[in-house]
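All remarks here apply to the structure that follows.
Protein chains: 2
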Amino acid sequence: MGTRGVSHRDAECPVARTVDVIGDRWSLLIVRDVLDGIHRFSELQRNLGLAKNILATRLRELVNQGILELVPAADGSAYQEYALTGRGRELFTVIVALRKWGEHHLFAEDERHSDLLEITSRQPVELHVTNAAGQPVTAEDAFVRKVSEG
Amino acid sequence: MGTRGVSHRDAECPVARTVDVIGDRWSLLIVRDVLDGIHRFSELQRNLGLAKNILATRLRELVNQGILELVPAADGSAYQEYALTGRGRELFTVIVALRKWGEHHLFAEDERHSDLLEITSRQPVELHVTNAAGQPVTAEDAFVRKVSEG
DNA sequence: CCGTATCCATTCCGATACTG
DNA sequence: CAGTATCGGAATGGATACGG
Numbered sequence: 001m002g003t004r005g006v007s008h009r010d011a012e013c014p015v016a017r018t019v020d021v022i023g024d025r026w027s028l029l030i031v032r033d034v035l036d037g038i039h040r041f042s043e044l045q046r047n048l049g050l051a052k053n054i055l056a057t058r059l060r061e062l063v064n065q066g067i068l069e070l071v072p073a074a075d076g077s078a079y080q081e082y083a084l085t086g087r088g089r090e091l092f093t094v095i096v097a098l099r100k101w102g103e104h105h106l107f108a109e110d111e112r113h114s115d116l117l118e119i120t121s122r123q124p125v126e127l128h129v130t131n132a133a134g135q136p137v138t139a140e141d142a143f144v145r146k147v148s149e150g
Numbered sequence: 151m152g153t154r155g156v157s158h159r160d161a162e163c164p165v166a167r168t169v170d171v172i173g174d175r176w177s178l179l180i181v182r183d184v185l186d187g188i189h190r191f192s193e194l195q196r197n198l199g200l201a202k203n204i205l206a207t208r209l210r211e212l213v214n215q216g217i218l219e220l221v222p223a224a225d226g227s228a229y230q231e232y233a234l235t236g237r238g239r240e241l242f243t244v245i246v247a248l249r250k251w252g253e254h255h256l257f258a259e260d261e262r263h264s265d266l267l268e269i270t271s272r273q274p275v276e277l278h279v280t281n282a283a284g285q286p287v288t289a290e291d292a293f294v295r296k297v298s299e300g
């Protein structure tokens with residue numbers, strides 16, 4: 001990631017830059033796992049089921065991007081573990097958006113999936129696109145203003 | 151996409167399924183462009199700057215996934231163009247999440263980027279993760295309940 | 001436990017040429 | 001205009017062996 005660089009026309013598009021940073025097959029799943037409390041290399045490897053060299057590469061890139069950081073292990077062991085930075089933690093919204101879309105469109109009626117719940121209420125977390133007044137905004141209600149259009 | 155299949159442990163995770171469907175380098179950018187009103191093959195190719203064969207493959211997969219569909223060209227020409235299905239249009243929230251994160255974390259202070267505005271108010275669109283009462287929920291306030299944990 | 005080094009297979013991508 | 005066919009190179013992924 002980050003090595004390819006966004007195409008010329010996409011230099012000003014935040015979507016393109018984000019995809020360039022975390023738009024591969026593993027980065028978002030790693031972030032998801034760390035958000036879920038999986039911090040150790042071996043746990044990540046076991047849970048994701050990918051080869052160690054690939055995991056090591058992705059983790060290094062995520063650290064380089066300032067999304068993860070290495071911190072002393074919480075259990076007091078001699079090792080380090082991976083934690084989200086502030087920037088990484090804010091990928092929460094991206095994970096939630098992916099999750100909600102998948103829940104709605106990639107599961108059959110009778111098929112069960114994991115749920116993202118608020119800890120206190122134990123009710124599902126919601127995601128809303130709104131205007132400044134808090135009213136819902138759909139794709140049809142919005143447009144992209146380019147930089148050149150001031 | 152969709153050919154690799156989610157790993158065994160991830161079968162119940164909507165995030166993993168979504169990444170498996172649209173988690174490559176081009177699909178989300180194609181969806182972004184179609185959301186922005188770019189519907190024709192040649193326009194997509196020019197705007198994204200990718201080879202025609204790759205674009206053709208991606209478009210075919212997105213159609214197979216029920217995210218895009220071919221419809222008669224709006225300008226009355228003999229050709230067809232690509233339009234979002236309902237399922238595809240709902241990727242709007244994913245695009246907004248990617249955009250917002252990119253705006254905040256991948257642009258310097260003095261660097262300009264395109265903006266996503268509500269048409270009527272011309273104010274930036276907002277994204278909120280909330281509980282059922284509409285109160286903000288952060289990553290620390292939420293947890294994933296697995297299917298096995300009923 | 002947490003990686004790195006190596007090797008190989010597969011996939012992905014870009015450029016080009018071609019077709020209806 | 002909207003693709004398909006082909007080819008070569010690059011990136012990615014997986015398995016295994018090894019080291020601090």
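Same order as they appear, the protein sequences are chains A and B. With this note's numbering, letter number 62 in the first sequence gets 62, and the count goes up by one each step, no holes. With this note's numbering, letter number 149 in the second sequence gets 299, and the count goes up by one each step, no holes. All residues carry an ideal CB built from backbone N, CA and C; glycine is no exception.
> Do you know offhand how far A/Val96's Cα is from A/Phe143's?
Replying inline: 23 Å
> Listing by chain order, which chain A residues have their CB less than 8 Å from the CB of B/Pro164?
Replying inline: Leu98, Arg99, Lys100, Trp101, Gly102, Glu103, Leu106, Phe107, His113, Ser114
>> Residues in the same chain with beta-carbon distance under 6 Å from A/Lys100, minus the five sequence neighbours each way, listed in chain order, please.
In response: Leu127
> Which bits of chain A does B/Arg208 rub up against, with CB to CB less than 9 Å?
Replying inline: What B/Arg208 touches in chain A: nothing, since even the nearest Cβ is about 13 Å away.
> Could you give the C-beta distance for A/Ile54 and A/Asn47, rounded to a whole number, given that I count them as a contact under 8 Å?
Replying inline: That belief does not hold up - the Cβ atoms of A/Ile54 and A/Asn47 are roughly 14 Å apart, past 8 Å.
>> Strictly under 7 Å for the Cβ-Cβ distance: is A/Phe92 near chain B by that measure?
In response: yes
> Which residue from B/Thr288, B/Arg210, B/Gln215 puts its Cα closest to that of A/His105?
Replying inline: B/Gln215
> Residues in its own chain within less than 6 Å of B/Ala166 by CB, not counting five upstream and five downstream?
Replying inline: Val156, Asp160
>> Would B/Ala223 pass as an interface residue toward chain A - the criterion being a Cβ-Cβ separation below 7 Å?
In response: no
> Does the distance from the CB of A/Glu118 to the CB of B/Val287 come in under 7 Å?
Replying inline: yes
> Is B/Arg208 closer than 7 Å to B/Ile180 when the C-beta atoms are compared?
Replying inline: yes
>> Check for me: the alpha helix (DSSP H) holding B/Arg182 runs from which residue to which?
In response: 177-185
> DSSP beta-bridge partners for B/Ala166?
Replying inline: None, per the DSSP bridge assignment.
>> Can you check whether the C-beta of B/Leu220 is within less than 7 Å of a C-beta belonging to chain A?
In response: no
> Per DSSP, A/Leu106 is paired with what?
Replying inline: Paired residues: none, contrary to the question.
>> So A/Val63 contacts chain B; which residues on that side make the cut at Cβ distance below 9 Å?
In response: Ordered by position in chain B, no residue passes the 9 Å Cβ test against A/Val63, which lies about 15 Å from the chain.
> Can you name the start and end residues of the beta strand (DSSP E) that A/Ala142 belongs to?
Replying inline: 142-145
>> At a cut-off of 6 Å, would you count A/Gly134 as near the ligand GTP, judging by its Cβ distance to the nearest heavy atom?
In response: For the ligand GTP, the structure offers nothing, since it holds no ligand at all.
>> Taking the alpha carbon of B/Val279 as the reference point, which residue from B/Glu162, B/Val244, B/Val297 has its own alpha carbon closest?
In response: B/Val244
>> Going residue by residue through the region 71-107 of chain A, where are the continuous alpha helix (DSSP H) segments of at least 4 residues, counting only ones entirely within it?
In response: 86-89, 92-105
> Mind checking A/Glu149: buried by the 16 CB within 10 Å criterion, or exposed?
Replying inline: exposed
> Which value, in whole angstroms, describes the spacing of the CA atoms of B/Leu212 and B/Ser177?
Replying inline: 7 Å
>> Using only the alpha-carbon positions, how far apart do B/Gly252 and A/Val19 sit?
In response: 9 Å
> Along chain B, which residues have their Cβ under 8 Å away from the Cβ of A/His39?
Replying inline: Within chain B, no residue comes near A/His39; the closest Cβ sits about 14 Å away, beyond 8 Å.
> Does B/Val279 come within less than 7 Å of chain A when only Cβ atoms are used?
Replying inline: yes
> Who does B/Thr280 pair with in a DSSP beta bridge?
Replying inline: A/Glu126, B/Pro286
>> Can you tell me whether B/Glu268 is helix, strand or coil according to DSSP?
In response: strand
> Counting only beta-carbon atoms, is A/Glu126 nearer than 7 Å to chain B?
Replying inline: yes
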